[in-house]
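K.L.:
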Amino acid sequence: MLTSVVVTDSVAPWRVPDGPFLDRLTVLDSTPLIAEAIKHMHVSTG
Numbered sequence: 001m002l003t004s005v006v007v008t009d010s011v012a013p014w015r016v017p018d019g020p021f022l023d024r025l026t027v028l029d030s031t032p033l034i035a036e037a038i039k040h041m042h043v044s045t046g
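1 is the number of the first residue of the sequence shown in my numbering; add one for each residue after it.
1) Excluding sequence positions up to five away, which residues of its chain have a Cβ less than 7 Å from the Cβ of residue 34?
2) Residue 20: which of 1, 41, 38, 43 sits nearest, CA to CA?
3) If I follow the unbroken alpha helix (DSSP H) through residue 22, where does it start and stop?
4) In the structure shown, what three-state DSSP assignment does residue 5 receive?
5) What would DSSP say about residue 16, mapped onto helix, strand or coil?
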């Protein structure tokens with residue numbers, strides 16, 4: 001059995017039905033991940 005589910009904020013929590021799954025859902029902010037990817041792409045292309 002799953003004890004927790006972690007997703008990025010690309011999945012809106014309101015799209016998940018109420019119940020045990022929602023209670024185990026952790027939503028992480030994806031902004032730092034996207035910013036880091038853009039930074040690496042910019043540095044890589046010079």
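Each residue gets a CB set at the ideal place from its N, CA and C atoms; glycine is no exception.
Here the structure is a predicted model, which is why all the values come from computation and not from measurement.
P.N.:
The short version:
1) none
2) 1
3) Per DSSP, residue 22 is one residue of the alpha helix (DSSP H) stretching across 20 to 23.
4) strand
5) coil
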